[in-house]
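This report concerns only the one structure given below.
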Amino acid sequence: MQRNADNPMVARYVSDRFPSPYTMADAETWVQRWQGQDPVINFAIATDDEVIGGIGLEFRAHIYRKTPLLGYWLAEHYWGRGIMPQAVKLIVNYAFSQLDVIAIQANTFGGNVASMRVLEKAGFERQGIIKQSVIKNGEIMDEHIFAITSPQPLSKGEGPQGKLFYCS
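1 is the number of the first residue of the sequence shown in full-length UniProt numbering; add one for each residue after it.
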């Protein structure tokens, strides 16, 4: 996990809570933080040999308590293989069937066209743009807001090419 997460291209479009550089201590902290979670809301995306990404939901308070925020990352070597749209569909279906949610929100930075496409493939709809509202590595960017309000059926034959694991 550490080797795949420690990549400036991966860190480029994720929140500043995702450390860069990403050390072994960061990986251990992530596993410890989510170990034994109930309900399970964060998953590792893995091949048979290694963790290649992560996906999870962040539940918020007050008026957003039933609309978690979706976040994810994937090792650069696995980009463009259709893995992340599948993982997003799986966690969306899980959230609507197992958790008390009314919608799921996902935000992307303006330049992250690939992530916008992932969300659209998974059934999310663009809700709007907040101009010049986020800053990453000194660059001020727009934030694109996406949401989904119902589970999305998996297409015939569609399923994960890797595995989703939770920390137990």
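Even for Gly, the Cβ is constructed at its ideal location relative to N, Cα and C.
Touch test, the segment 61 to 68 against the segment 13 to 33, Cβ-Cβ under 8 Å, three pairs minimum: With a cut-off of 8 Å, the segment 13 to 33 and the segment 61 to 68 do not count as touching, because too few Cβ pairs lie within range.
Given 8 Å, three or more beta-carbon pairs between the segment 145 to 152 and the segment 80 to 97: Short answer: they touch.
Proximity winner among 99, 119, 98, relative to residue 105 (alpha-carbon distances): Among 99, 119, 98, the Cα nearest to that of residue 105 belongs to 119.
As assigned by DSSP and simplified to three states, the class of residue 108: Three-state result, residue 108: strand.
6 Å CB neighbourhood of residue 27 in its chain, flanking five on each side removed: Once the five neighbours on either side are set aside, the close Cβ partners of residue 27 are 1, 2.
Alpha helix (DSSP H) segment containing residue 95, residue limits: Where residue 95 is concerned, the enclosing alpha helix (DSSP H) stretches over 83 to 98.
Residue nearest to residue 80 in terms of C-alpha spacing, selected from 132, 121, 142, 22: Of the listed residues, the one whose Cα sits closest to residue 80 is 121.
Alpha carbon of residue 108 to alpha carbon of residue 87, nearest angstrom: In this structure, the CA atom of residue 108 is about 17 Å from the CA atom of residue 87.
Under the three-state DSSP convention, the category residue 3 falls into: In the structure shown, residue 3 sits in a helix (DSSP, three-state: H, G or I).
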